[in-house]
Structures are given as structure tokens and as C-alpha cells.
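Trainee: Respectively, the protein sequence lines represent chains D and E.
Okay, so the first sequence: first residue is 0 according to numbering that gives the first Met the number 0, each after it adds one.
Okay, so the second sequence: first residue is 0 according to numbering that gives the first Met the number 0, each after it adds one.
Where is the CB? At the ideal position from N, CA and C, for every residue including glycine.
Quick caveat, the model's predicted, so the values are computed rather than measured.
Below you will find the structure I want to go over with you.
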Amino acid sequence: MVIVIVEDEPLIQQRIQRLTAEILVAKDPKIFCFDDIDNAESFLSENTIDVLLLDLNLMGRDGFTLLKNKLAAAFHTIIISAYAEKAIEAFEYGVLDFIAKPFTRERLIQAFERLLHNRKNEYRSAKYLSVKKAGEIQLISLEDIDYIQADGHYTWLNLTSTTDAMPTKVLHSKNIEKIEQLLPERFIRVHRSYLVDMRKVKAFKIHEGSKYTLLLNSGEEVPVGRTKYEQLKKQLSGI
Amino acid sequence: MRQHKPIIFLLHVALIIFFALPAWSQNNNSADTEHRPSVPNNVFTQIQIRPIKSNEFNTSIQCHASGVDQGDWQNISFSELPQNQFFCLRAKINIHRETLSSNPSLLVGMLGSVDFRWDYKPLISNGSPAPSFNDEDPGTIKTLVRLSDDLLNDGEHMLSATISTFSVGKELDSIGYVLAIVDEPKLANVVLFVSMLSAFFIGVLVILFVIFQLVNWLYQAEKSYQMFSILCLSAALLLSVEQAKFWLDYPYNWHALRLSVIFVLTFITSFLLPMFYVAYFRLKQVKIWVTCSLISLIIISLLNLSYDITSVALFFAALCWSLIINILQVRESGRGKAASLFIIIGIGFIIFYPEYFVEFGFAVFFIAIVLTMLVALIKEMRQHKARSLKAERIKTELLRRNMQPHFLMNCLTQLMELIETNPQDALVLISALSQEFRQLTQQSEQDYVPLADEIALCRNHIQIMSIRYQKDYRLAVVGEVEGIWIPSAILHSLVENCFTHNKISSDRTFELKVRQAGKRVNLTLITPIENKTNHQGTGSGNHFIHAKLAELNQKQAEFASYESDDNWVSQISYVNINATAN
Numbered sequence: 000m001v002i003v004i005v006e007d008e009p010l011i012q013q014r015i016q017r018l019t020a021e022i023l024v025a026k027d028p029k030i031f032c033f034d035d036i037d038n039a040e041s042f043l044s045e046n047t048i049d050v051l052l053l054d055l056n057l058m059g060r061d062g063f064t065l066l067k068n069k070l071a072a073a074f075h076t077i078i079i080s081a082y083a084e085k086a087i088e089a090f091e092y093g094v095l096d097f098i099a100k101p102f103t104r105e106r107l108i109q110a111f112e113r114l115l116h117n118r119k120n121e122y123r124s125a126k127y128l129s130v131k132k133a134g135e136i137q138l139i140s141l142e143d144i145d146y147i148q149a150d151g152h153y154t155w156l157n158l159t160s161t162t163d164a165m166p167t168k169v170l171h172s173k174n175i176e177k178i179e180q181l182l183p184e185r186f187i188r189v190h191r192s193y194l195v196d197m198r199k200v201k202a203f204k205i206h207e208g209s210k211y212t213l214l215l216n217s218g219e220e221v222p223v224g225r226t227k228y229e230q231l232k233k234q235l236s237g238i
Numbered sequence: 000m001r002q003h004k005p006i007i008f009l010l011h012v013a014l015i016i017f018f019a020l021p022a023w024s025q026n027n028n029s030a031d032t033e034h035r036p037s038v039p040n041n042v043f044t045q046i047q048i049r050p051i052k053s054n055e056f057n058t059s060i061q062c063h064a065s066g067v068d069q070g071d072w073q074n075i076s077f078s079e080l081p082q083n084q085f086f087c088l089r090a091k092i093n094i095h096r097e098t099l100s101s102n103p104s105l106l107v108g109m110l111g112s113v114d115f116r117w118d119y120k121p122l123i124s125n126g127s128p129a130p131s132f133n134d135e136d137p138g139t140i141k142t143l144v145r146l147s148d149d150l151l152n153d154g155e156h157m158l159s160a161t162i163s164t165f166s167v168g169k170e171l172d173s174i175g176y177v178l179a180i181v182d183e184p185k186l187a188n189v190v191l192f193v194s195m196l197s198a199f200f201i202g203v204l205v206i207l208f209v210i211f212q213l214v215n216w217l218y219q220a221e222k223s224y225q226m227f228s229i230l231c232l233s234a235a236l237l238l239s240v241e242q243a244k245f246w247l248d249y250p251y252n253w254h255a256l257r258l259s260v261i262f263v264l265t266f267i268t269s270f271l272l273p274m275f276y277v278a279y280f281r282l283k284q285v286k287i288w289v290t291c292s293l294i295s296l297i298i299i300s301l302l303n304l305s306y307d308i309t310s311v312a313l314f315f316a317a318l319c320w321s322l323i324i325n326i327l328q329v330r331e332s333g334r335g336k337a338a339s340l341f342i343i344i345g346i347g348f349i350i351f352y353p354e355y356f357v358e359f360g361f362a363v364f365f366i367a368i369v370l371t372m373l374v375a376l377i378k379e380m381r382q383h384k385a386r387s388l389k390a391e392r393i394k395t396e397l398l399r400r401n402m403q404p405h406f407l408m409n410c411l412t413q414l415m416e417l418i419e420t421n422p423q424d425a426l427v428l429i430s431a432l433s434q435e436f437r438q439l440t441q442q443s444e445q446d447y448v449p450l451a452d453e454i455a456l457c458r459n460h461i462q463i464m465s466i467r468y469q470k471d472y473r474l475a476v477v478g479e480v481e482g483i484w485i486p487s488a489i490l491h492s493l494v495e496n497c498f499t500h501n502k503i504s505s506d507r508t509f510e511l512k513v514r515q516a517g518k519r520v521n522l523t524l525i526t527p528i529e530n531k532t533n534h535q536g537t538g539s540g541n542h543f544i545h546a547k548l549a550e551l552n553q554k555q556a557e558f559a560s561y562e563s564d565d566n567w568v569s570q571i572s573y574v575n576i577n578a579t580a581n
């Protein structure tokens with residue numbers, strides 16, 4: 000497991016590193032420490048990592064620009080910051096967790112459990128997904144996403160096309176499991192490869208040979224997995 | 000301030016009208032005179048003089064006799080009276096009783112001793128004329144005598160006089176000002192009106208002088224207040240001396256002295272006006288402005304013009320310099336628009352009606368300029384208030400900055416780590432933190448603290464930062480610290496600033512150089528820089544220092560900072576204050 004820590008104060012960096020190594024000892028962690036995000040940049044672009052533990056001064060505008068940049072990447076980001084008042088905003092942009100300083104060993108364990116067990120982020124308050132397009136970071140509002148389709152290690156965000164200028168599909172670097180962890184409850188994993196915004200569903204269709212699909216407002220149909228059928232039926236009756 | 004603009008505009012319009020009116024009425028009058036009959040009634044005509052020959056001295060002087068040799072008499076106008084002479088004067092007047100006012104009086108304004116006769120009979124003496132300077136008893140500048148009815152029957156009359164003018168003391172353009180029959184109560188009214196008006200202006204100026212002295216000494220020391228105050232005083236003096244001719248009937252030999260005093264006061268006022276603007280806009284090239292305006296004024300003074308023209312020219316130069324300063328300021332910062340407009344009006348007035356400017360326009364104009372200054376100064380005061388409020392806010396902010404959640408949370412995180420790994424260091428950090436909080440809380444209450452205390456505070460902060468960043472930062476002090484006081488928390492804020500803008504990744508030494516020159520203290524603090532992209536010297540730390548120095552009434556304090564290689568150099572210079580007197 001590859002972990003990158005970005006923290007400028009040596010003692011705090013030492014603390015994060017020490018505790019992470021202890022907590023994840025079974026996972027054979029490889030921990031790389033950097034004292035600011037610029038120094039970490041080239042490492043992140045050349046290596047595949049599992050999680051970024053990031054201390055960011057989120058008070059300035061630059062902090063959030065950097066954060067959005069990281070959130071477009073394939074790995075999850077956990078913020079460790081003294082600026083606790085920025086937590087809500089950070090969650091909206093799609094961080095997996097926000098650990099306020101000072102933090103205990105237990106709090107760090109909780110964050111890693113969330114990461115390792117694909118447990119959903121308890122706030123589930125993401126409002127945007129960052130995507131990198133032609134080198135630029137673009138924020139996609141969750142309101143515009145109809146459904147999300149897995150494509151290997153990547154995912155396609157299928158958007159409600161309002162104008163012709165706006166593309167209907169955007170590629171995201173995170174896999175569908177990681178994205179699911181961040182999204183609010185209304186997004187349901189209806190299939191191994193599909194996440195659907197239930198508010199955009201028009202009808203539940205049953206096809207021959209016990210095949211099920213969801214008809215969306217846009218006219219598109221999304222397959223429903225066999226195992227998900229019962230759960231979904233219950234959910235839909237509630238709508 | 001926007002709401003004051005219409006008022007200022009109206010004021011300008013009113014002033015233009017005020018200035019234009021006398022000129023306009025003057026034009027009307029001159030048009031009237033053209034229609035008058037060729038032999039005017041009640042006006043002295045055929046003014047003639049004749050030098051008194053030395054052989055007359057011993058016998059009786061025949062100025063008033065009708066039978067004197069006509070060839071000796073020479074026609075002149077009254078303004079051409081000769082200086083340093085002993086002579087006879089005679090003038091004819093054609094009295095037309097009905098057109099004369101009810102209380103006719105003879106008004107003579109001239110520099111000389113004189114013995115008047117009306118129709119060869121003694122009328123009045125003002126001083127005693129004599130053939131030489133030593134024998135002359137100088138008269139006053141004004142002669143006013145009631146002409147009784149029996150002197151004023153219709154027809155031609157003769158005013159004759161023996162005059163000596165040895166005591167003028169200086170070559171003047173003219174020593175004869177007025178010779179006329181006037182209505183005495185009317186004249187008294189005019190004199191009263193003019194005196195009241197000038198007394199009003201003088202009073203206003205004196206009050207402004209006193210107010211701004213008090214403001215300067217008791218509220219906030221400021222060069223521009225001081226300049227403004229002195230400007231008001233010199234203008235008040237100038238106006239008093241200038242208007243003295245209306246209400247003070249002084250001996251004519253004082254006249255040259257009075258003119259010299261007017262000249263000196265005009266010179267001073269003309270110099271102070273541009274200098275006020277230099278101080279007000281806090282211009283840097285003070286020496287250049289002083290030299291330029293002084294040179295121009297001195298050149299004008301040396302031109303050997305008449306007193307009146309010199310005064311006008313001096314004011315003209317003063318207005319031109321003020322205008323240049325204001326216009327440069329308008330271009331640079333947008334300030335000084337009203338003043339510029341106003342000065343232009345003043346300059347226009349001088350060009351078109353120079354004679355009124357010296358008499359009275361000057362006073363009105365000056366009061367009006369004073370008003371724009373007053374508006375500007377009140378604005379300034381408001382800024383001062385805002386600035387000291389800001390200083391207060393920054394002071395609490397400074398205190399809070401180190402007690403900020405962010406700072407505190409980071410320190411607490413480090414303490415957690417130290418407690419688990421190195422409890423001994425945790426104790427050191429806790430002591431240093433508590434020491435810093437205690438000292439900051441105490442010092443933020445004080446205006447000045449001993450430099451040694453401030454250095455201790457900085458060292459403490461540097462120690463905290465050394466632990467935080469696991470480096471060995473140090474503060475080296477060069478120079479004698481004893482007996483020096485410093486506005487509290489200034490150095491601390493610079494050191495703090497260095498850490499907020501910088502990540503210092505090696506063991507670096509901060510350096511403080513202390514130099515004392517007389518009462519002045521010069522401090523140079525050199526702090527390391529590593530990431531140059533970050534802005535320094537524009538943040539709240541610098542605002543705090545400027546605000547603090549202003550708040551403490553440090554008149555000539557200077558604070559500058561700049562980058563030098565991989566250091567940030569901050570220089571502070573201020574007047575040392577023995578705070579035991581605080």
C-alpha cells in the first residue's frame with residue numbers, strides 16, 4: 000500500500016508517519032513524506048498511490064485550487080488540517096475524510112478503515128466531482144450527473160445534456176468504488192458497473208429473461224444487477 | 000466627502016461673483032464720468048505746486064498769497080507730489096452748494112506734513128512743515144476736517160498749503176493718495192464696514208491659528224497642522240498691517256516701515272502656502288520645493304518693483320507653486336482637485352484685477368483657500384481616526400493571531416506527538432508557549448516596552464518555531480540595547496511575519512542591528528527568505544507597524560523593508576522615548 004504524506008511541520012509529519020506505519024502494519028505500507036504539495040507533485044504524477052494525506056492551508060484560494068487538482072486523481076485524499084471550519088467545504092469537493100488537528104491515533108484508524116473497507120464517507124455531502132480535462136480542472140456538479148458507468152480503472156460520468164456545447168460524457172480517474180464512497184445517498188449502485196441518481200429515474204422496466212433496466216428521464220436505459228433488484232424495488236416504492 | 004462637493008462648488012461660484020462685482024461696478028462708474036460736464040463741481044482742479052526758495056525761509060512764506068509769480072507754479076496731479084521737498088500747493092474747486100452732501104469734509108490722504116488754508120484763511124495743520132528733515136514734525140497719513148457752511152458758498156474757492164515731505168524715508172511710487180470733499184458720516188460708515196470685515200477675517204484666521212496649534216500639541220502632532228496654523232497666523236498679521244491704514248491714523252514717517260512689514264509678511268505667507276501643500280501631501284523632495292519656491296520669491300523681491308506689484312507677484316508665485324504641487328498630486332493620487340480649481344480661479348483673479356487683489360481680494364481669497372484646506376484637514380483627521388481604530392484592531396488581532404485556533408491546534412498536535420515520543424521537549428514547548436502568551440498579553444497593553452523585553456519575546460517565538468520545525472533558528476543582536484524603548488510588539492510582528500510567509504528549511508540566524516544616534520533609534524532586522532514568490536512587506540504585519548507608529552505620535556518615524564539576496568531587511572527608525580515618562 001502506497002501512502003503519501005504532505006505536511007510541512009516535521010513533528011506533525013513524524014506523527015502522521017509513525018501512526019500510519021503502526022496502524023497499517025499488516026498492509027506493508029510504503030510511506031513517502033513531503034513537506035509541501037509542490038515537492039510531492041512529481042512523485043504523484045509518476046507513481047500510483049492509494050491515499051494522499053494532505054495538510055493544506057485552506058484559508059487562501061490557492062489551497063482549494065490545489066485540493067481540486069488532487070481530487071481529480073485516481074487516489075483518495077484525506078485532509079489533515081487545523082482549519083476545522085473548512086471541513087464542510089472540503090467534503091463538498093469530495094475528500095474522503097477530514098481530520099482536524101490535533102488528532103489521536105483512534106481518529107486516524109477510523110479514517111483508514113473508511114478507506115480500506117470502502118465504507119462510505121459519513122457526511123456524504125459531496126456536491127462536485129473534479130475532473131481533469133486537457134490539463135484543466137473542471138468541477139462537475141452532481142446535479143448534472145444522470146449516472147456513472149465503470150470503465151476499467153476509470154469511470155464515465157454521464158451528464159444531463161442541456162446544451163450541445165457541453166459534452167455528455169466525462170472521464171474520471173477514480174474507479175467506481177472510490178466514487179461511490181463519496182457520493183450522497185441518492186446515488187445507488189444498481190449494477191456492478193453502474194451508479195444511478197435515483198432522482199433522474201423515470202421508470203423501472205422488466206424485460207424478458209428476468210432482465211431489469213432503469214429508464215432515465217433522458218431516455219437512456221441502465222441495466223440493473225440481479226442482486227440489486229430486490230433492494231432497488233424497495234427503494235423505488237419509496238419514491 | 001462626496002456630499003460636500005456641491006457646497007464647494009457653490010462657494011467657488013459665490014467667490015467669482017464677489018470678485019467680479021467690484022470690477023463691473025467700476026466700469027459703470029467710469030462710463031458715468033464721461034458724461035459729466037467739463038467743469039466739474041466740488042472736485043479739485045488745477046492742482047499746482049511751487050518749490051519754496053531758500054530766501055523765502057527767513058521772511059514769511061508766501062504759499063497762500065494770490066500775487067505770487069505765476070511762472071513758478073507747475074501743474075501736477077495729486078498722486079505726483081514730490082518727495083523730500085518743501086513746497087507750496089494750491090488747488091481750485093468750484094463749489095456748487097446744492098449738489099454737495101450735508102456734512103461736507105475735506106479728506107486728504109498723503110505722506111507729508113501740511114498746513115492748509117481755505118481761501119487764504121488758516122484751515123488745519125497736520126504736523127508742521129519745515130524746510131529740512133530735522134525741523135519737520137511729521138503729520139499723520141490722514142487729514143479730515145469739517146468744512147463749515149460759511150466756507151462753502153457757491154463759486155470758486157482756493158485750497159492752499161505749505162507741505163514738507165522729508166520723512167517718507169524711502170523712494171515710493173506715490174505719496175499722494177486722496178484729495179477730495181467727502182461726506183463724513185458716509186466715510187465713517189465705509190471705514191467701519193471695512194474695519195469690521197477685516198477684523199472678522201483676522202479673527203477667523205487667529206482662531207484657526209489657535210485651534211490648529213491646540214490640535215497639533217494636544218491631539219496629533221502633524222507637520223501639516225503646524226504649517227497650516229503658522230500660515231493662518233502670518234496671514235492674520237499681514238491682513239492687520241495691510242488694513243491698518245483704515246483704522247489707525249499713524250504718523251506718515253511710519254508708512255515705509257509698514258510697507259516693509261507688509262512685504263516681509265507677504266513673503267512669509269507666500270512661502271508658507273506652497274510649503275503647507277508640501278507638508279500636507281507629505282512630498283518627499285522637500286528640499287527641492289523649498290529651494291524652488293524660495294528662489295522664485297527672492298528673485299521677485301529683488302526685481303525692485305513697487306510694493307503693491309511685488310505683493311501681487313509674490314502671491315502669484317505662491318499660487319503657481321501651490322497649483323503645480325496640487326496638479327502633480329491630482330495626477331498621482333487624485334487628491335487636491337478642489338484646491339487646484341480654486342488656485343486657478345485665484346490666479347485668474349490676480350491676472351485680471353491685480354489692484355483689487357492687494358486691497359481686499361487677497362483676504363477673501365485667502366479665507367476661501369483656508370476653507371478648502373480645512374475640508375482637507377478634516378478629511379485627514381477622519382483618516383487619522385480610522386487609522387488609530389485600525390491600530391487598535393490590529394493590536395487585538397496581533398494578540399489573537401498567536402492564540403488563533405490554527406496556531407494553537409498545530410502546537411497542540413506537536414505536543415501530542417512530543418508527549419508520546421519525547422516528553423522532555425513537550426515540557427520545553429509548553430513553557431515557551433505559556434511565556435509567549437503571557438508576554439504578548441502584557442505588552443499589547445503598553446505603548447512602549449524596553450527593547451530587551453521585545454528581544455526576549457522574539458527569541459521566545461524563535462524558540463517555539465525551532466521546536467516546531469525541528470531546526471536551530473537564532474537571533475543575533477548587534478549593538479547596545481540598554482536604555483532603548485520600542486513600540487511594543489513591532490519586532491515580534493516582523494519575526495512572526497517571516498515565519499508565516501516562509502518555510503525556513505535550514506538553521507538560519509536572524510540578525511538585529513541596534514544603532515542609536517542622538518534621540519533616534521535605528522533598528523535593522525534581517526530575516527531569512529526561502530521562497531521568494533511569497534509576498535512580504537504588504538501584509539497585515541506592515542500595516543500594524545505603520546499604524547502603531549502613527550498611533551504613538553511618532554512624527555519622524557520611518558519604516559521600510561526590502562529584499563536583499565536571501566534575506567528580508569526591515570529598517571525602523573524612531574525617536575527613543577523614556578517610557579518612565581509615559
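(1) Checking contacts by CB at 8 Å: is Q2/E closer than that to chain D?
(2) Just mark T64/D as buried or exposed, buried being the case when its beta carbon has 16 or more other beta carbons within 10 Å.
(3) If you follow the beta strand (DSSP E) that E135/E is in, where does it begin and where does it stop?
(4) When we look at the beta-carbon of K177/D and count the other beta-carbons within 10 Å, is it buried (16 or more) or exposed?
(5) For L10/D, decide whether its Cβ has a neighbour in chain E, counting only Cβ atoms nearer than 8 Å.
(6) Within 10 angstroms of its Cβ, does Q2/E collect 16 or more other Cβ (buried), or is it exposed?
(7) Interface residues of chain D around Y468/E at Cβ under 9 Å?
(8) Using 8 Å as the cut-off, can you tell me whether the stretch 232-247 of chain E makes contact with the stretch 143-154 of chain E, which would need three or more C-beta pairs spanning the two stretches below that distance?
(9) Just checking: is the beta-carbon of R106/D within a distance shorter than 8 Å of some beta-carbon in chain A?
(10) Measure the C-alpha to C-alpha separation of L156/D and S217/D and round it to an integer number of angstroms.
(11) What does a CB cutoff of less than 7 Å around H171/D pick up in its chain, not counting 5 residues either side in sequence?
(12) Beta carbons nearer than 8 Å to chain D: which residues of the stretch 494-511 of chain E have them?
(13) A125/D: which of L138/D, G134/D, H116/D and A133/D sits nearest, CA to CA?
(14) Once the 5 residues before and after Q242/E are set aside, which same chain residues still bring their CB inside 6 Å of it?
(15) Closer than 7 Å by beta-carbon distance: list the chain E residues that pair up with A86/D, in chain order.
(16) From R507/E to L282/E, what does the alpha carbon distance come to, in whole angstroms?
(17) Counting C-beta neighbours from all protein chains within 10 Å, is the total for G138/E 16 or more, i.e. buried, or is it exposed?
(18) Given A86/D, which residues of its chain have a CB within under 6 Å of its CB, disregarding the five upstream and five downstream residues?
(19) I'd like to know if the stretch 43-51 of chain D and the stretch 131-150 of chain D are in contact, where contact means that at least 3 CB-CB pairs between them fall below 8 Å.
(20) What residues in the stretch 443-465 of chain E bring their beta carbon closer than 7 Å to a beta carbon of chain D?
(21) Inspect the CB distances between the stretch 95-107 of chain E and the stretch 39-47 of chain E and report whether three or more fall short of 8 Å.
(22) The beta strand (DSSP E) with W72/E in it runs from where to where?
(23) Going residue by residue through the stretch 489-532 of chain E, where are the continuous alpha helix (DSSP H) segments of at least 4 residues, counting only ones entirely within it?
(24) Can you tell which of A488/E, I454/E, N459/E and S163/E has the C-alpha that lies nearest to the C-alpha of E481/E?
(25) Please classify G224/D: does DSSP put it in a helix, a strand, or coil?
(26) Taking only beta-carbon atoms, is R14/D less than 8 Å away from chain E?
(27) Please name the residue, chosen from K52/E, L158/E and K244/E, that lies closest to I46/E on a Cα-to-Cα basis.
(28) Which runs of the alpha helix (DSSP H) spanning at least 4 residues fall entirely within the stretch 177-239 of chain E, listed in chain order?
(29) Does N581/E come within less than 8 Å of chain D when only Cβ atoms are used?
(30) Exposed or buried, A30/E, counting other C-beta atoms within 10 Å across all chains shown (16 or more means buried)?
(31) Under three-state DSSP, which class holds S47/D?
(32) Taking Cβ-Cβ distances shorter than 9 Å, what residues in chain D pair up with Q423/E?
(33) Between E183/E and the rest of its own chain, which residues show a CB-CB distance below 6 Å, the 5 nearest in sequence each way excluded?
(34) Based on DSSP bridge pairs, tell me the residues matched to C32/D.
(35) With DSSP as the reference, please indicate the residues paired to F115/E in a beta bridge.
(36) Let me confirm a value: G517/E is counted as buried when at least 16 other C-beta atoms fall within 10 Å, else exposed. Which label applies?
Mentor: According to the data block:
(1) Locating residue 2/E in the second sequence gives position 3, where the first residue counts as 1. Only weak support is given to the placement of Q2/E: the predicted model assigns it a pLDDT of 47, under 50, and the question is left unresolved by the model.
(2) For the purposes of this step, residue 64/D is taken as residue 65 along the first sequence, with counting starting at 1. Looking at its Cβ environment, which holds fewer than 16 other Cβ atoms inside 10 Å, T64/D is exposed.
(3) For the purposes of this step, residue 135/E is taken as the residue at position 136 of the second sequence. Here E135/E belongs to no beta strand (DSSP E), and DSSP marks it neither H nor E.
(4) By 1-based counting over the first sequence, the position of residue 177/D is 178. Buried, because 16 or more other Cβ atoms sit within 10 Å of the Cβ of K177/D.
(5) Translated into positions along the first sequence, residue 10/D becomes position 11. Yes, L10/D counts as interfacial toward chain E.
(6) Position 3 of the second sequence, counted from the start, is the residue given in the question as residue 2/E. At Q2/E, the pLDDT of 47 sits below 50, so the modelled position is not reliable and the matter cannot be decided from this model.
(7) If you number the second sequence from 1, residue 468/E lands on position 469. Result: D7, E8, P9 and L10.
(8) no
(9) In the displayed structure, chain A is absent; the protein chains listed are D and E.
(10) For the purposes of this step, residue 156/D is taken as residue 157 along the first sequence, with counting starting at 1. For the purposes of this step, residue 217/D is taken as residue 218 along the first sequence, with counting starting at 1. Rounded to the nearest angstrom, the two C-alpha atoms are 14 Å apart.
(11) In the first sequence, counting from the first residue as 1, residue 171/D sits at position 172. Within the same chain, H171/D has close Cβ partners L128, V130, Y153, T154, L156 and I178.
(12) K502 and S504
(13) The residue labelled residue 125/D in the question sits at position 126 within the first sequence. Comparing Cα-Cα distances from A125/D to each of L138/D, G134/D, H116/D and A133/D, the minimum goes to L138/D.
(14) Along the second sequence, one-based indexing puts residue 242/E at 243. Only S197 meet the Cβ criterion.
(15) On the first sequence, residue 86/D is found 87 positions in, with the first residue counted as 1. Those within 7 Å of A86/D in chain E number zero; the least Cβ separation is about 13 Å.
(16) The sequence position of residue 507/E within the second sequence is 508, counting from 1. The sequence position of residue 282/E within the second sequence is 283, counting from 1. Straight-line Cα distance between these residues: approximately 39 Å.
(17) If you number the second sequence from 1, residue 138/E lands on position 139. Burial call: buried.
(18) Your numbering for residue 86/D matches position 87 in the first sequence. Excluding positions up to five away in sequence, the list reads F97.
(19) no
(20) none
(21) yes
(22) Locating residue 72/E in the second sequence gives position 73, where the first residue counts as 1. Note, W72/E: premise wrong, no beta strand (DSSP E); not H, not E.
(23) 489-500
(24) Counted from its first residue, the second sequence places residue 481/E at position 482. That would be I454/E, whose Cα lies nearest to the Cα of E481/E.
(25) Position 225 of the first sequence, counting from 1, holds the residue named residue 224/D. Residue state, collapsed to three classes: coil.
(26) If you number the first sequence from 1, residue 14/D lands on position 15. Chain E contact via Cβ: present.
(27) Along the second sequence, read from residue 1 onward, the residue named residue 46/E stands at position 47. With distances taken between Cα atoms, I46/E lies closest to L158/E.
(28) 183-213
(29) To locate residue 581/E, count along the second sequence from 1; it is residue 582. Reliability of the predicted coordinates at N581/E is poor, the pLDDT of 43 falling under 50, and no value is obtained from them.
(30) Taking the first residue of the second sequence as position 1, residue 30/E is located at position 31. With a pLDDT of only 40 at A30/E, under 50, the local geometry of the prediction cannot be trusted, and no value is derived from it.
(31) Stepping through the first sequence from its first residue, residue 47/D is reached at position 48. It is worth fixing the name first, because residue 47/D is Thr in this sequence and not Ser. If DSSP states are grouped into helix, strand and coil, T47/D belongs with coil.
(32) Numbered from 1 along the second sequence, position 424 holds the residue referred to as residue 423/E. Those within 9 Å of Q423/E in chain D number zero; the least Cβ separation is about 14 Å.
(33) On the second sequence, position 184 is the one that residue 183/E refers to. Correct list, in chain order: N102 and S104.
(34) Numbered from its first residue, the first sequence carries residue 32/D at position 33. For C32/D, which the question treats as bridged, DSSP gives the partners I4/D.
(35) Here residue 115/E is taken as the residue at index 116 of the second sequence, counted from 1. Note: F115/E sits in a beta bridge opposite I123/E and A160/E.
(36) The count along the second sequence starts at 1 and reaches residue 517/E at position 518. The residue in question, G517/E, is exposed, as its Cβ has fewer than 16 Cβ neighbours within 10 Å.
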